[in-house]
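Asker: Numbered per the UniProt record's numbering, the sequence shown spans residues 1 to 320.
Ideal Cβ positions, reconstructed from N, Cα and C, are used throughout, including at glycine.
Here it is, the structure, as structure tokens.
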Amino acid sequence: TRSPLAAADTSHASLMSFVLAMVQHPHVQARAQEEIDQVTGSERLPNMADKESMPYVRCIVREVLRWLPPLPLGVPRATTKDDEYRGYLIPKGSIIMTNAWAMSRDESLYKSPETFDPERFLNLDAPSAPAFGFGRRSCPGNHYAEASLFILIASILAVFDIKPKINHLTGKEEIPEDEHITYAKWCKELGSDILSLTVLGQTIVVLNSVNAATELLDQRSAIYSDRPYLRVVCDPRLLDWGDGIIVLPYGPRWKKQRRIIHEVLKPSINVQNFVLFERETRAMLKRLVVNPEDFEKEFRRYFLDHISPVGLTTNVYVIL
């Protein structure tokens, strides 16, 4: 299946969001580097055994996923029958989208949500970011993905200072601006956390709050776990990713693949891949030391190298 290539893109996007955050918030970078140096003594690179000793770096991973979700509108679902929610009729076959970007900016859940602040996750009661989805179609490899991001982020910060690009014409630093999502603005204007759109006769429902997503996708997951048929993705004449678990229709075949993935992603098996994470991360760092300006290409190469026919475990851990 080629669908893991999309997973590599989401992981790459998360790492690029981390770079942006470090450029915009050098004090966060400095604090993380201080924590890393205290653990490693500045004499070695971090490894997975250091994870529990680096709570602030772990918080950076969680805050990156909250601040700029790699899939701002998630992967679309489809309803298998009519449903009623808060007086709204949601017809069978509706496309359901979860606005993770809007959820991550809910002021009732996150104080100053526009601010990149890893410290919010030092509070053990802080809600998890919605980046991994909801219900039966949520990402089964969330802990696996967080582990890979941890070793990457910790290793990069141990070796490099991430600074803004200098405009050679003006001599000034260039810092990209954050994006904004139109649906979140519409919700504020309409005073609702649910939007319904009709595009070419197709009903599309956008859920903009964790509460709505939890009540529908978690508590009514039997209705909301299907996928719409996306021709560009599934048609054999186009991308031909229709056999991938990400886009498979909800049914026996999907359930079988999901059980296999849960078995593969057991913690006892995950540990075997931490050595792979560390080895590949160190190889990437060596290349970056020579050509640091190639960081985006190297990040993408890192994830695509793991989407290879080495075995199922290396095919699923980057699914976000």
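#1: Quick one: what's got a C-beta closer than 7 Å to R136's C-beta in the same chain, skipping five residues either side?
#2: Would you mind sorting K51 into buried or exposed? The rule is 16 or more other CB atoms within 10 Å of its CB.
#3: With distances taken Cα to Cα, identify the nearest neighbour of V28 among S17, N99, D117 and R258.
#4: May I ask whether a heavy atom of the ligand NAD can be found less than 7 Å away from the beta carbon of C59?
#5: Check whether the stretch 90 to 103 touches the stretch 198 to 215, counting contact only when three or more Cβ pairs, one atom from each stretch, lie closer than 8 Å.
#6: Does DSSP classify Y229 as helix, strand or coil?
#7: Secondary structure at I260, three-state DSSP: helix, strand or coil?
#8: Counting along the chain, where does the beta strand (DSSP E) carrying Y250 start and finish?
#9: CB S104 to CB V64, shorter than 8 Å?
#10: Buried or exposed, going by whether 16 or more other CB atoms sit within 10 Å of the CB of E189?
#11: Would A212 pass as an interface residue toward chain B - the criterion being a Cβ-Cβ separation below 8 Å?
#12: Smallest Cα separation from R62: which of L109, K255, L122 and L288?
#13: Contact defined as beta carbons within less than 8 Å: I believe R86 pairs with F150. What is the distance between those atoms, to the nearest angstrom?
#14: From the DSSP output, which residues share a beta bridge with T198?
#15: Identify whether D83 lies in helix, strand or coil by the three-state DSSP scheme.
#16: Classify N208 as buried or exposed, calling it buried when 16 or more other Cβ atoms lie within 10 Å of its own Cβ.
#17: Answer yes if the stretch 148 to 163 comes into contact with the stretch 36 to 55, meaning at least three C-beta pairs across the two stretches below 8 Å, and no otherwise.
#18: Note down the Cα distance separating M284 from E146, rounded to an integer number of angstroms.
#19: Determine the direct distance from the alpha carbon of A32 to that of V23, and round the result to whole angstroms.
#20: My parser needs the beta strand (DSSP E) runs of 3 or more residues fully inside the stretch 27 to 64; what are they?
#21: Have a look at K111 and P76 and give me their C-alpha separation to the nearest angstrom.
#22: Is H262 buried or exposed, if buried means 16 or more other CB atoms sit within 10 Å of its CB?
#23: Out of E280, V290, Y229 and T10, point me to the one whose CA is closest to F132's CA.
#24: By DSSP, does residue 334 sit in helix, in strand, or in coil?
#25: Any idea what DSSP makes of I95, helix, strand or coil?
#26: Am I right that A158 and T79 are in contact with their C-beta atoms under 8 Å? What's the rounded C-beta distance?
#27: Which residues in the same chain as F160 place their Cβ atom closer than 8 Å to its Cβ, once the five residues preceding and following it in sequence are excluded?
Answerer: With the structure as the only source:
#1: Setting aside the 5 residues that flank it on each side, R136 is surrounded in the same chain by S221 and S225, each with a C-beta closer than 7 Å to its C-beta; the list follows chain order.
#2: With 16 or more neighbouring CB atoms inside 10 Å of its own CB, K51 falls in the buried class.
#3: Per the Cα distances, D117.
#4: The model on display carries no ligand, and the ligand NAD is accordingly not part of it.
#5: As far as the Cβ criterion goes, the stretch 90 to 103 touches the stretch 198 to 215, which means the pair count is three or higher.
#6: Note: Y229 maps to coil in three-state DSSP.
#7: Here DSSP, grouped into helix, strand and coil, assigns I260 to helix.
#8: Per DSSP, Y250 lies in no beta strand (DSSP E) segment and is marked neither H nor E.
#9: In this structure, S104 keeps its C-beta atom at 8 Å or more from the C-beta atom of V64.
#10: Counting Cβ neighbours within 10 Å, E189 comes out exposed, since fewer than 16 surround it.
#11: No chain B appears in this structure, which consists of one protein chain only.
#12: The residue with the shortest Cα to Cα distance from R62 is L122.
#13: Not quite, the Cβ-Cβ distance comes to about 39 Å (not below 8 Å), so this is no contact.
#14: Per DSSP, T203.
#15: Strand, per DSSP.
#16: Counting of Cβ neighbours within 10 angstroms places N208 among the buried residues, the total reaching 16 or more.
#17: These segments touch.
#18: Whole-angstrom Cα-Cα distance: 18 Å.
#19: Answer to the nearest angstrom: the Cα atoms are 13 Å apart.
#20: The qualifying runs do not exist here; there are none.
#21: Approximately 28 Å between the Cα atoms of the pair.
#22: Counting Cβ neighbours within 10 Å, H262 comes out exposed, since fewer than 16 surround it.
#23: Taking only the C-alpha atoms, the option nearest F132 is T10.
#24: In the structure displayed, the chain extends from 1 to 320; residue 334 sits before or after that span and is not available.
#25: Strand.
#26: So it is not a contact: roughly 47 Å between Cβ atoms.
#27: Correct list, in chain order: L288 and P292.
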